[in-house]
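Numbering (the numbering used here), first residue to last: 45 to 210.
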């Protein structure tokens with residue numbers, strides 16, 4: 045059985061008085077379906093040889109969303125099996141490590157033409173709408189991110205320190 049190790053993140057931003065997370069709509073087919081239409085997912089990807097999971101998460105967030113963030117905490121690993129719907133049709137055991145990442149810069153959707161082959165669009169979604177994510181494990185990860193943010197009010201910007209919440 046094939047094994048895959050990936051990493052990704054919940055990129056969050058405080059805006060308009062609440063927390064938002066970056067989500068992507070994949071282009072084309074996914075590991076689970078022939079069509080990615082209406083699929084909302086967290087940015088993630090395979091860990092390159094010699095790369096640490098934390099670095100993969102930051103790289104994948106930037107590649108798939110166009111934004112840059114700062115690693116805050118590891119949220120959890122999700123583990124599952126799937127059968128590839130392309131190529132060899134192999135059964136795969138996959139582990140994805142997810143991290144909470146605080147937005148620092150960049151414009152969502154500002155991605156390379158090469159990445160457009162994988163990502164149809166990237167959008168900000170209120171973190172309270174975590175149930176809109178398409179995959180159960182990723183909904184659990186987003187819930188964990190939300191709970192972490194609620195427990196760490198110090199991550200919320202001081203409104204007196206900034207003139208805009210953009």
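Where is the CB? At the ideal position from N, CA and C, for every residue including glycine.
Reduced DSSP secondary structure (H/G/I, E/B, other) of residue i
| i | result |
| --- | --- |
| residue 80 | Only weak support is given to the placement of residue 80: the predicted model assigns it a pLDDT of 49, under 50, and the value that follows is read from those uncertain coordinates. In the structure shown, residue 80 sits in coil (DSSP, three-state: anything other than H, G, I, E or B). |
| residue 103 | helix |
| residue 113 | strand |
| residue 75 | In this predicted model, residue 75 has a pLDDT of only 47, less than 50, meaning its place in the structure is not dependable; the value taken from the coordinates is given anyway. Correct three-state label for residue 75: coil. |
| residue 180 | helix |
| residue 119 | strand |
| residue 161 | helix |
| residue 90 | strand |
Alpha carbon of residue i to alpha carbon of residue j, nearest angstrom
| i | j | result |
| --- | --- | --- |
| residue 191 | residue 60 | 19 Å |
| residue 142 | residue 102 | 10 Å |
| residue 62 | residue 195 | 14 Å |
| residue 93 | residue 121 | 19 Å |
| residue 134 | residue 65 | 32 Å |
| residue 164 | residue 69 | 6 Å |
| residue 147 | residue 139 | 24 Å |
| residue 51 | residue 95 | 10 Å |
| residue 155 | residue 118 | 25 Å |
Sheet register partners of residue i (DSSP bridge)
| i | result |
| --- | --- |
| residue 55 | 145 |
| residue 167 | 67 |
| residue 138 | 48, 124 |
| residue 150 | 111 |
| residue 97 | DSSP, once it has assigned bridges, lists no residue as partnering residue 97. |
Residue i Cβ short of 6 Å to the ligand MN heavy atom set
| i | result |
| --- | --- |
| residue 153 | The ligand MN is not part of this structure, which contains no ligands at all. |
Pair within 7 Å by beta-carbon distance, residue i and residue j
| i | j | result |
| --- | --- | --- |
| residue 150 | residue 186 | no |
| residue 145 | residue 105 | yes |
| residue 84 | residue 199 | no |
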